[in-house]
Amino acid sequence: MPEDLINNKKVAYYTGCFANYYYPEVGEAMVKVLRKNGIEVIVPDQVCCGLPMMAKGNTEGAYKNMEHNTRVFSQAISDGYALITTCSSCGLMIKRDYPLWMVGSEMAKQVSQNLFHFSEYLLLLHNRGELDTDFHPIPQTVFYHTPCHLRAQEIGDVTVKLLQLIPDITTKKISTECCGMGGAYGYEKVNYQLSKEIANKLYSEIKENPTDRVVTDCGGCKLQIEAGTGLKVDHPIILLKEAYSL
């Protein structure tokens, strides 16, 4: 059961491609935050979750990756590890789509049920009184953008609640507007204009609510917001690392 795995304070971390190849500071921060809380961390052998392949019609390649990840993470669960990810898109793919594509696979179902978004996992620890909340104040305002793929998981404002544990952090605005990237959609030249038009509402909100930091959980959203606003965008785990002075 998921609750039993949380009790173990052992985590298998699925980094996802973005943290692994483009934003390694996220993975580094995640491991440091977990170890700060006395949690054993492993990073098992893993491949892309398959979402980009699926979006481009490479269902055979995607399914192969699903099988690999499912086999590896099912073994980690059997060894007592909870699964976490810092990527909302990877999380949705593994939670929702793995069991749908791997019909009848008990391993895929097991992996889906035991994967947590990082903030979801840390909040569960906090609710048990097991999260180290000896945070240093960060006297800054935050514009938080909720990725569509995180909202689709229906786990609530877990990242906002986690950030609110940091003293002096003020969440000035929480946006649920789509950034327009749409996974791999916004990367294509043919979709550029429409992607930008979709993002305009979000860009306007950011302009109308100036803050010290812009924060989102999604790597694709980060790139889109930075390109459209010229502002630096942080992953929330970076703020947690700062609050721990790690």
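Each step along the sequence shown adds one to the number in the numbering used here, with nothing skipped, and position 129 is 131. Every residue, glycine too, gets a C-beta built ideally from N, C-alpha and C. Bear in mind the structure is a predicted one, so any value in this text is a computation, not a measurement.
DSSP three-state assignment for residue i, whether helix, strand or coil
i	result
Met3	In this prediction, Met3 scores a pLDDT of 46, lower than 50, which makes its location untrustworthy; no coordinate-derived value is stated.
Val217	strand
Ser80	helix
Glu132	coil
Tyr16	strand
Ile227	helix
Asp236	strand
Lys58	coil
Tyr249	Any question about residue 249 goes unanswered here, given that the chain covers just 3 to 248.
Cys50	coil
His138	coil
Leu167	coil
Ser197	helix
Asp99	helix
Met32	helix
Ile208	helix
Gly63	helix
Val113	helix
CB contact flag (residue i, residue j, <8 Å)
i	j	result
Cys51	Ile86	no
Tyr2	Lys12	Because the chain in this structure spans residues 3 to 248, residue 2 falls outside the shown range and cannot be described.
Leu36	Asn116	no
Asp219	Pro149	yes
Ser91	Gly184	no
Ala31	Lys234	no
Phe145	Ile208	yes
His119	Ile157	yes
His151	Leu204	no
Pro174	Thr143	It should be pointed out that residue 174 corresponds to Lys in this sequence rather than to Pro. Against a cut-off of 8 Å, the Cβ pair of Thr143 and Lys174 comes out as a contact.
Best match in the options for proximity to residue i [C-alpha to C-alpha]
i	options	result
Ser206	Leu225, Val217, Gly184 and Glu179	Glu179
Ser76	His147, Asn211 and Ala14	Ala14
Leu167	His70, Leu53, Thr72 and Thr135	Thr135
Pro141	Asp214, Asp47 and Ala31	Asp214
Ala78	Tyr16, Tyr25 and Lys191	Tyr16
Tyr24	Tyr146, Leu125, Lys224 and Tyr194	Lys224
His70	Gly59, Asp81, Val49 and Thr143	Val49
Tyr246	Gly221, Glu190, Lys175 and Leu165	Leu165
Thr161	Leu241, Cys19, Lys38 and Gly40	Leu241
Pro46	Pro26, Thr173, Gly18 and Leu125	Gly18
Asp159	Leu126, Phe137 and Ser80	Leu126
Glu190	Asn9, Thr172, Lys175 and Gly222	Gly222
Trp103	Thr173, Arg130 and Thr72	Thr72
Leu248	Glu210, Phe137 and Ile176	Phe137
Opposing strand residues paired with residue i [DSSP bridges]
i	result
His119	Thr87
Glu42	Lys12
Phe145	Lys175 and Val216
Nonlocal neighbours in the same chain, by C-beta distance under 8 Å from residue i, ignoring five residues either side
i	result
Pro101	Ser107, Ala110, Lys111 and Ser114
Met55	Thr61, Gly63, Ala64 and Asn67
Tyr187	Ala57, Asn193 and Ser197
Glu132	Lys11 and Asn39
Contact set for residue i: own chain, Cβ-Cβ below 7 Å, skip 5 residues either direction
i	result
Ala201	Cys181, Gly182, Gln226 and Gly230
Ala154	Leu94
Asp170	Pro139, Ile140 and Pro141
Pro212	none
Ile239	Val28, Ala31, Met32, Val35, Thr88 and Phe120
Beta-carbon contacts of residue i that lie in its chain and below 6 Å, excluding the five residues immediately before and after
i	result
Met3	Low local confidence applies: a pLDDT of 46 at Met3 is under 50, so the model's placement there is unreliable, with the coordinate-based value given in what follows. Same-chain partners within the cutoff: there are none.
Ala21	Val28, Gly29 and Thr88
Gly232	none
Asp99	none
His237	Val28
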